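Below: the structure, in structure tokens.
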Amino acid sequence: MEKKSLDDVLGKMAAEKKLREEQEGKSQPMFVFGSKISDRVVKVGEASTYPEFTLLQEHDFIAEAKEAAEKKKEHDKPSTSIVTVTTGEENDINVFQTACKLHSFDKEKKTWVERGLAQIKINQRNENGEVHHRIVARTTGNHRVVINSRVHADMFFERVDQKRLKISATTPDSNAIQIFLVTIGFSKTALNIDEFCATLEGILRKEKACESAKRKRKVGDCGFCSCN
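Position one of the sequence shown corresponds to residue 1 (full-length UniProt numbering), numbered consecutively onward.
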């Protein structure tokens with residue numbers, strides 16, 4: 001069945017009503033003084049030439065209009081389909097995670113710039129048979145990535161006091177290394193900073209050991225060549 005809007009159906013009803021009134025006006029004989037009244041009276045049982053419009057027909061039009069309105073309402077509803085959101089951490093294993101407050105050091109102004117509250121993580125990933133770790137920090141609320149930096153042997157790490165530490169890391173929008181001040185333990189829900197430092201120190205020791213072993217292998221592969 002052809003879909004009709006409410007305006008189309010109501011317009012059709014109005015047009016048919018107007019046509020019916022015009023036909024009724026043309027069909028009725030004009031009164032002439034002196035004419036017989038009996039000639040102008042429609043006798044019972046005689047067939048009327050007027051078109052019949054029943055209440056059932058009008059009811060069908062209204063029902064049809066309601067049906068069209070309901071279909072339009074269903075069509076205009078926003079889609080509720082599930083959208084899969086990826087973070088880039090699907091293949092990572094989370095080693096440590098806690099709430100923190102971040103500051104980055106502005107080299108030009110020689111001052112610390114607040115980056116807001118965030119969730120800082122140490123993630124582990126296996127790539128080509130080798131285990132790597134990276135630090136990821138996302139701001140609280142909109143989950144915007146502030147830090148996304150691999151943990152390597154030359155990474156700067158310093159414990160400042162009981163709640164703060166400094167690390168060197170990169171951001172998603174720049175490959176330039178920045179110094180971040182991480183404050184942990186400012187809230188009751190945050191984990192102890194000692195656990196974060198112990199985890200990061202353990203990973204750095206392994207990275208330095210692997211880097212030293214790689215350098216020794218390179219020296220050994222040189223044989224008698226002058227690599228010193």
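Positions of the beta carbon are idealized from the N, C-alpha and C atoms, including for glycine.
Treat the numbers as computed from the prediction; the structure is a model and nothing was measured.
Query: Name the DSSP bridge partner or partners of Gly116?; Result: Leu102
Query: Bridge partners of His132, per DSSP?; Result: Arg125
Query: In whole angstroms, what separates the C-alpha of Glu127 from that of His75?; Result: 47 Å
Query: Go through its chain and collect everything with a Cβ distance to Ile167's Cβ below 6 Å, but skip five positions before and after it.; Result: Phe157, Phe180
Query: Taking the alpha carbon of Ile147 as the point to measure from, which residue in Met155, Lys208, Lys110, Gln178 has its own alpha carbon closest?; Result: Gln178
Query: How is Glu158 classed by DSSP in three states: helix, strand or coil?; Result: strand
Query: Return the bridge partner residues of Asn94 from the DSSP annotation.; Result: Asn123
Query: Could you name the residues of the same chain whose beta carbon sits closer than 6 Å to that of Ile120, not counting the 5 residues immediately before and after it, in chain order?; Result: Cys100, Ala137
Query: How is the beta strand (DSSP E) around Ile184 delimited, first residue to last?; Result: Careful: Ile184 lies outside any beta strand (DSSP E) and carries neither H nor E.
Query: Which whole-angstrom value is the C-beta distance of Thr139 and Leu117, which I expect to be below 8 Å?; Result: 7 Å
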